[in-house]
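Trainee: Position in the sequence shown counted from 1, then plus 1, gives you my numbering.
First, the structure itself, so that you have it in front of you.
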Amino acid sequence: MVIDQGAPVAAITGARLRSTAVTLEGARYIETVALMLADGSTRAALKITADRVVLDAFSLDSTNPAAGIPVTNATKVILGGPVTMYCTSLSGSLADGTPVSFEPSTPPPLGVDLPSLTSATIGLLTVTSATATLTGAAMSVG
Numbered sequence: 002m003v004i005d006q007g008a009p010v011a012a013i014t015g016a017r018l019r020s021t022a023v024t025l026e027g028a029r030y031i032e033t034v035a036l037m038l039a040d041g042s043t044r045a046a047l048k049i050t051a052d053r054v055v056l057d058a059f060s061l062d063s064t065n066p067a068a069g070i071p072v073t074n075a076t077k078v079i080l081g082g083p084v085t086m087y088c089t090s091l092s093g094s095l096a097d098g099t100p101v102s103f104e105p106s107t108p109p110p111l112g113v114d115l116p117s118l119t120s121a122t123i124g125l126l127t128v129t130s131a132t133a134t135l136t137g138a139a140m141s142v143g
């Protein structure tokens, strides 16, 4: 597994993103990469690119509550492309209710558009986008 030199350095503690519906436009799994973390270690991640990502009923928190990272909620988040997400996991349900789950050891197929998901949970290390619009956003420290 190759370190993605073009990726931003990620926080040691990952984030958990949850959404009632994730619309992925032009989204594709590129490859599994090693992502550099702030402490110099690396972590395996799914590299996913998209033209646009829309997240309804968005919630973002830490996978480690002791990290003291603020919880961010929004009624809607729109990431405008190009969007690149580095994920440790991506799970949810297809439109017909079929559950799907992807991780670096069980990635999505190459060369096909990724489906939109409902009841989605994403283990997120970092994301970049040309634009980010949050509607109804609020942050709280627990």
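Each residue gets a CB set at the ideal place from its N, CA and C atoms; glycine is no exception.
Taking the beta strand (DSSP E) that residue 115 belongs to, which residues open and close that run?
Mentor: The residue labelled residue 115 in the question sits at position 114 within the sequence shown. That residue, residue 115, is in no beta strand (DSSP E); it is neither H nor E in DSSP.
Trainee: Buried or exposed: which applies to residue 15, given that a residue is buried once 16 or more other Cβ atoms fall within 10 Å of its Cβ?
Mentor: Your numbering for residue 15 matches position 14 in the sequence shown. Residue 15 is buried by the Cβ-count criterion.
Trainee: Can you tell me where the beta strand (DSSP E) holding residue 74 begins and where it ends?
Mentor: Indexing the sequence shown from 1 puts residue 74 at position 73. Taken as a continuous stretch (DSSP letters only), the beta strand (DSSP E) holding residue 74 covers 72 to 94.
Trainee: Which word fits residue 93, buried or exposed, when buried means at least 16 other C-beta atoms lie within 10 angstroms of its C-beta?
Mentor: Mapped onto the sequence shown, residue 93 falls at position 92. Classification of residue 93: buried, given that the 10 Å Cβ count is 16 or more.
Trainee: If you draw a straight line from the alpha carbon of residue 62 to that of residue 71, how long is it in whole angstroms?
Mentor: Here residue 62 refers to the residue found at position 61 of the sequence shown. Here residue 71 refers to the residue found at position 70 of the sequence shown. Residue 62 and residue 71: Cα-Cα distance of roughly 7 Å.
Trainee: Tell me which same chain residues have a C-beta within less than 8 Å of the C-beta of residue 128, skipping the five on either side of it?
Mentor: Counting from 1 along the sequence shown, the entry for residue 128 is found at position 127. Same-chain partners within the cutoff: 80, 84, 85, 86, 87.
Trainee: Assuming residue 47 contacts residue 11 (C-beta within less than 8 Å), just tell me the rounded distance between them.
Mentor: Taking the sequence shown and counting its residues from 1, one reaches residue 47 at position 46. Taking the sequence shown and counting its residues from 1, one reaches residue 11 at position 10. Their Cβ separation, rounded to whole angstroms, is 13 Å, which puts residue 47 and residue 11 out of contact at 8 Å.
Trainee: At which residue ranges does the region 7 to 69 contain complete alpha helix (DSSP H) runs of 4 or more residues, listed in the order of the chain?
Mentor: Fully enclosed alpha helix (DSSP H) runs of 4 or longer: not present.
Trainee: For residue 140, report the span of its beta strand (DSSP E) as first-last.
Mentor: Working through the sequence shown from its first residue, we reach residue 140 at position 139. Looking at the DSSP string, the run of the beta strand (DSSP E) that includes residue 140 is 139 to 141.
Trainee: Evaluate residue 95 with the Cβ neighbour count: other Cβ atoms within 10 Å of its Cβ, from every protein chain shown; 16 or more gives buried, anything less gives exposed.
Mentor: Working through the sequence shown from its first residue, we reach residue 95 at position 94. Classification of residue 95: exposed, given that the 10 Å Cβ count is below 16.
Trainee: Please name the residue in 50, 25, 3, 135 whose C-alpha comes closest to that of residue 36.
Mentor: Position 35 of the sequence shown, counted from the first residue, corresponds to residue 36. Residue 36 has its Cα closest to that of 3, out of 50, 25, 3, 135.
Trainee: To which residues does DSSP link residue 1 through a beta bridge?
Mentor: Shown here, the chain extends from 2 to 143; a query on residue 1 therefore has no answer.
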